[in-house]
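A.B. asks:
Numbering (my numbering), first residue to last: 20 to 157.
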């Protein structure tokens, strides 16, 4: 343990990442080596690498801050995943905001809404111009 505390954060993270990749590769070999036609006993998966305890510079991320399926609490060095958190802020919805869709209405016949990528009115074939009204669709 004393040896780990003398390593830099980058070195510790590199060691952990290497252990995780090795664990993942071993699991892949177990699955690829299994013959579905023969009945072999299932091999036990290798142990999962965990972060070593440190000087208190590590915190656990609560499940309510994670989106999707979370099987265990994520441990990381402070500030590596989230910046300062204001408890008065509302958490963001899942995923990025959808871009707003631009539609337009023909100034000749009034047809619309017409999607932004269409350059001519499908009703009267008027070419979109500066007089055609644009709106943002939600």
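Ideal placement from N, C-alpha and C gives every residue a C-beta, glycine not left out.
Let me check one thing: in DSSP terms, what residues is residue 120 bridge-paired to?
C.D. replies: Taking the chain shown and counting its residues from 1, one reaches residue 120 at position 101. Partner(s): 156.
A.B. asks: Taking all protein chains shown into account, do 16 or more other C-beta atoms lie within 10 angstroms of the C-beta of residue 125, making it buried, or fewer, making it exposed?
C.D. replies: As a position in the chain shown, residue 125 is number 106, starting the count at 1. With 16 or more other Cβ atoms within 10 Å, it is buried.
A.B. asks: Taking a contact to mean a Cβ-Cβ separation below 9 Å, would you say residue 130 touches residue 122 in this structure?
C.D. replies: Taking the first residue of the chain shown as 1, we reach residue 130 at position 111. Taking the first residue of the chain shown as 1, we reach residue 122 at position 103. No, these two residues do not count as a Cβ contact at 9 Å.
A.B. asks: How many Å lie between residue 148 and residue 128 at the Cα?
C.D. replies: As a first step, residue 148 must be located in the chain shown, where it is residue number 129. As a first step, residue 128 must be located in the chain shown, where it is residue number 109. About 13 Å.
A.B. asks: Have a look at residue 141 and residue 133 and give me their C-alpha separation to the nearest angstrom.
C.D. replies: Looking up residue 141 in the chain shown gives position 122. Looking up residue 133 in the chain shown gives position 114. Going by the C-alpha atoms only, they are around 8 Å apart.
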